[in-house]
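Using this note's numbering, the first residue of the sequence shown is number 40, and each one after it goes up by one. Each residue gets a CB set at the ideal place from its N, CA and C atoms; glycine is no exception. A quick note: this is a predicted structure, and the numbers were derived from the prediction, not measured. Structure first, commentary second.
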Amino acid sequence: MPAMCKNSLPLYANLLEADYTQMPALSLDELRNFTYSTIEKWEEGNCLSAADLTAALEFIKYNIPLAGIKYLDNQAIPICYFSKVIPKSAEVLQSLLQIEGIKSYQMPILQKPDGSLDLELDDRHKILIVTIPQYNHLNSFKNFLQIMQPKKLTILAGGNVFYLKPSLKLNFGSCIFPENIKDIIWLINKINPSASEEKV
């Protein structure tokens with residue numbers, strides 16, 4: 040996740056206290072444009088405050104059920120992270136995937152008292168997305184990959200630590216690191232074409 044600025048942009052500042060029920064619902068195209076614009080600002084760094092991003096995500100989440108998104112594949116893709124706290128990157132990813140008709144769910148992977156990882160995966164999954172926002176999650180990520188090695192999975196990885204120090208990617212050669220968060224959509228559709236809605 041790129042760095043954020045302290046000052047809110049007017050558009051997002053207005054959303055912070057807005058009553059969404061008094062606003063016209065966005066069409067799918069409008070919602071997609073707003074989501075991609077927000078992601079671009081987020082990836083540029085120093086463009087969105089934490090409050091801006093929170094306001095944008097809440098606005099997107101409110102409009103998603105109203106946009107008439109259709110899904111062809113009922114198999115949701117796990118968005119994994121190694122924390123009890125949901126990273127903003129996981130929220131951004133889930134919103135982006137929903138906009139493009141791809142089902143997903145947030146999956147925290149936590150360490151048990153015996154040091155093992157608490158996993159809830161089955162053999163139906165073809166793709167996993169992993170976001171690593173903090174350096175202290177890297178060891179858990181390594182352990183996770185060792186457990187996943189026997190499974191035939193495509194693991195798409197990213198996060199703030201790889202953004203700040205790209206050389207860390209060399210330690211995780213079994214993963215695919217998209218150039219940016221929007222490339223995840225293209226990769227998912229390439230690996231599993233039935234994951235997203237039919238484009239007309």
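Could you tell me which of the options sits nearest to residue i, measuring between CA atoms?
i      : options                           : result
Lys190 : Leu226, Asn219, Leu177 and Leu167 : Leu167
Glu83  : Ile220, Ile230, Leu195 and Leu226 : Ile220
Val169 : Arg163, Gly198 and Ile186         : Gly198
Arg71  : Asn231, Gly107 and Thr193         : Gly107
Leu50  : Gln185, Gln61, Phe73 and Leu67    : Phe73
Ala52  : Tyr75, Ile99, Leu67 and Thr93     : Thr93
Pro147 : Gln61, Phe183 and Ala57           : Phe183
Arg163 : Lys229, Tyr75 and Asp112          : Asp112
Round the Cβ separation of residue i and residue j to the nearest angstrom and send it over; I've been treating them as touching at under 8 Å.
i      : j      : result
Lys151 : Ala115 : At roughly 24 Å, the Cβ-Cβ gap does not stay under 8 Å, so Lys151 and Ala115 are not in contact.
Leu135 : Ile78  : 7 Å
Leu54  : Ala95  : 7 Å
Pro126 : Pro63  : Wrong, their Cβ atoms sit about 31 Å apart, outside the cutoff.
Taking Cβ positions, are residue i and residue j nearer each other than 9 Å?
i      : j      : result
Gln188 : Ser213 : yes
Leu156 : Ser128 : no
Phe211 : Lys181 : yes
Gln145 : Tyr120 : yes
Gln137 : Ile103 : yes
If I measure Cβ to Cβ from residue i and keep anything under 6 Å in the same chain, skipping five residues before and after, which residues do I get?
i     : result
Tyr59 : Tyr101
Cys86 : Lys80
Met43 : Residue placement at Met43 is flagged as unreliable, the pLDDT there being 49, under the threshold of 50; the coordinate-derived value follows with that caveat. Contacts found: Leu87, Ser88 and Ala89.
Quick one: residues in its chain with C-beta nearer than 8 Å to the C-beta of residue i, no 5 flanking neighbours on either side, listed in chain order?
i      : result
Leu132 : Ile118, Ser143, Ile168, Thr170, Ile220 and Ile223
Ile99  : Leu70, Phe73, Thr74, Thr77, Ser134 and Ile138
Within a Cβ cutoff of 7 Å, which residues of the same chain sit near residue i, ignoring the five residues on either side of it in sequence?
i      : result
Leu226 : Leu195, Ile215 and Pro217
Asn231 : Lys165 and Ile166
Leu67  : Ala106, Gly107 and Ile108
| request: Please list the segments of the alpha helix (DSSP H) lying wholly inside the region 104-157, counting only runs of 4 or more residues, in order along the chain. | output: Counting only unbroken stretches of 4 or more residues, the alpha helix (DSSP H) elements lying wholly within the region 104-157 are 127-138, in sequence order.
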